[in-house]
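Undergrad:
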Amino acid sequence: MSAVTMINCCLILGACLLSSQAVWSQRVRVEPEVTAYPNGSVNLRCEFTDSGSTKLTQVSWMFERVEGDRHNIAVFHPQYGASFPNKDFDGRVSFTKGSLENPSIRIDKLRMADAGRYICEYATYPSGNEQGTTTLIMLAKPRNTAIAIPVRASSSEVVVASCEAAQGKPEATISWITNIAGRYNHTSVPERDGTVTVKSEYRMIPTPAENGKEITCVVNQRTQVEPRPFPLKLVVEYPPTVTIEGYDNNWYMGRTDAVLTCQADANPAPTDVSWTVASGQLPPSVQVDQNRLLVRKVDETVNTTFVCEVKNSLGSGKKELVAMVIDQPLPAQASNAGPVVGGVIAAIIILCLIGAGVAMYRKQRQSVENGEGPPKHKPPPPMKSGSSTEMLNKPQDKTTTIIETQPLSNNETNYYETNSAEPITDLDDDNNGPPANGGTPAVWDSSGHPPEKDDTTGETLPPYKPADQNDVEANFTNVAREESFVSKSMLV
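Here it is in structure tokens:
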């Protein structure tokens, strides 16, 4: 047998042994991973399934904090009972049922150092030892703190806020939420018990404008249901900045109760406010009440420079105001109420006009949609006067029409009756001769308009019919030829 063949046989044998061991190890049922907290308790379950002809002789629990360094902490023998040989777990570990088939244990008063691997190992015959491993993960809720650090306004970058998640496991993460320009850093410090302390500091150049602005520290860690925010307000300290309010440039002689107010922006808050004048002592008509200066009556003595000085623990600030006394009061400024009211009224009128226009447009559009709008065809031009004769175009439907004309001679009236649908082209007494008046085109209807045609088919439309044709009369006047006349309207 060659060396290659022997090596292949050994590899196959080793694979078979590993497979059988894997199959056997599956009979020891444990939980792959459990979590617990310090000072709490945890149950480590173990069970031998499908023993069959395998004889269980003993079960042992071993603790492995570091890879390869195992220590027995609990042993159970069906004849000799339970044993707990490790002093570190003395009084803290116990069997929950005390049987070879279910040798689960319970560990109380947990410590962070208890984190590691726990192996449940069976001694069996004839297969030998079989085991299952459970990893215990110790979790620790961090102690979270966040503070804003008071700083003085300066041009150098300093730490203005600090956030810490102390003694947490696993390690926490810290982030910042703010609109303030700056940067932050993180530090992690492992503790002796296996926990980790994380600290983050926010740095920026502090100015008075940043005082009181918000910044939020957010701590995220496995033991927390959701990230925990810690809102802070920055504390930037600076000496007072002073302003004087109330002067309106209208201190006229005899004016009473003129008031000046000294305002200061400072952190910490001002501790002292004082009023002085550049000329020395305050005028007799002036009364001071903290940051308020009252001039009871304006006279020449208050024609001076007033100085307000404010102090706090970081320094002081002052502001000067030059008061000028005039002889007569300034004319009252025109009120702005008139233009404002006029603008409002104009806006209302414009809105009303727009609303009326919209309403008319909608109404017209609705009428067009309902077929009530104006005709879509162009109306015919009006009838011209001055022609020699006006003719009448009879309706297309066959009807009987009686036409009465004006007398042609003394007390004589002529009537014409026709059942023809053809238009009447000759109104003279003699129907056998040529057309009267030199021959004219077909007559128009009584409206004075030429016949209308249908826009779709091109056919001539019948003329307008009145409600009751029996009551309609058409009068004609006999006029000599070559003479202009305007006849009365005749309805057919």
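Residue numbers (mature numbering (1 follows the signal peptide of the UniProt record, and there is no 0)): -25 to -1, 1 to 467. All C-beta atoms, glycine included, are put in the ideal place defined by N, C-alpha and C.
(1) Give the range of the beta strand (DSSP E) segment to which E166 is assigned.
(2) Assuming Y93 contacts L111 (C-beta within less than 8 Å), just tell me the rounded distance between them.
(3) In chain order, which continuous runs of the beta strand (DSSP E) of length 3 or greater are located wholly inside the stretch 220 to 283?
(4) When the Cβ atoms of the stretch 141 to 150 are set against those of the stretch 223 to 234, are three or more pairs found closer than 8 Å?
(5) When you compare the CB positions of E284 and P243, do they come within less than 8 Å of one another, or not?
(6) From P181 to V126, what does the alpha carbon distance come to, in whole angstroms?
(7) Considering just the uninterrupted stretch of the beta strand (DSSP E) at V9, what are its terminal residues?
(8) Residues in the same chain with beta-carbon distance under 7 Å from R67, minus the five sequence neighbours each way, listed in chain order, please.
(9) Mapping DSSP to helix, strand and coil, what is S69?
(10) To test your reading of the DSSP string, which unbroken beta strand (DSSP E) runs of 3 or more residues are found completely within the stretch 129 to 208?
(11) Does chain D have any CB closer than 8 Å to the CB of Q265?
(12) In or out: N18 buried (at least 16 other Cβ within 10 Å) or exposed?
(13) Could you give the distance in angstroms between the alpha-carbon of Y177 and the alpha-carbon of V263?
(14) How far does the beta strand (DSSP E) with F64 in it reach, from first residue to last?
(15) Rounded to whole angstroms, what's the CA-CA distance from S163 to T251? Just pull it up for me.
(16) Can you list, in chain order, the residues of its chain whose CB lies under 8 Å from that of M37, leaving out five sequence neighbours each side?
(17) Between the Cα of R2 and the Cα atoms of G15, S74 and T29, which residue gives the shortest distance?
(18) In whole angstroms, what is the alpha-carbon distance linking N160 and G290?
(19) So, with DSSP's three-state summary, where would you put V297?
(20) In whole angstroms, what is the alpha-carbon distance linking P13 and M113?
(21) Determine the extent of the beta strand (DSSP E) in which G15 is found, giving its start and end residues.
(22) Quick one: is C138 buried, meaning 16 or more other Cβ sit within 10 Å of its Cβ, or exposed?
(23) On a CA-only basis, which of V333, G27 and L75 is nearest S102? Give me that one, please.
(24) Taking all protein chains shown into account, decide if A307 is buried (16 or more other Cβ within 10 angstroms of its Cβ) or exposed.
(25) Tell me, which residues are paired with E212 by DSSP?
(26) With 16 other CB atoms within 10 Å as the buried threshold, where does G73 fall?
(27) Provide the residue(s) that pair with Q106 in DSSP beta bridges, ordered along the chain.
(28) Compute the distance between the beta-carbons of G221 and T236, then report whether it is under 8 Å.
TA: Here's the rundown:
(1) Per DSSP, E166 belongs to no beta strand (DSSP E) and is neither H nor E.
(2) Correct: roughly 6 Å between the Cβ atoms.
(3) 231 to 242, 247 to 252, 261 to 264 and 267 to 272
(4) no
(5) no
(6) 7 Å
(7) First-last of the beta strand (DSSP E) with V9: E8 to A11.
(8) I82, D83 and K84
(9) Strand at S69.
(10) 133 to 143, 148 to 152, 158 to 165, 171 to 179, 189 to 195 and 203 to 208
(11) Of the chains in the structure shown, none is chain D; there is only one protein chain.
(12) exposed
(13) 45 Å
(14) Element bounds for F64: n/a, residue is neither H nor E.
(15) So the alpha carbons of these two residues sit roughly 57 Å apart.
(16) R45, H46, N47, I48, Y93, I94 and E96
(17) Ranking G15, S74 and T29 by Cα distance to R2 puts T29 first.
(18) 33 Å
(19) Three-state DSSP puts V297 in a strand.
(20) Distance from the CA of P13 to the CA of M113, rounded to the nearest whole angstrom, comes to 7 Å.
(21) Run containing G15: none; DSSP gives neither H nor E here.
(22) buried
(23) G27
(24) exposed
(25) R127
(26) exposed
(27) Note: Q106 sits in a beta bridge opposite E96.
(28) Yes. Within cutoff.
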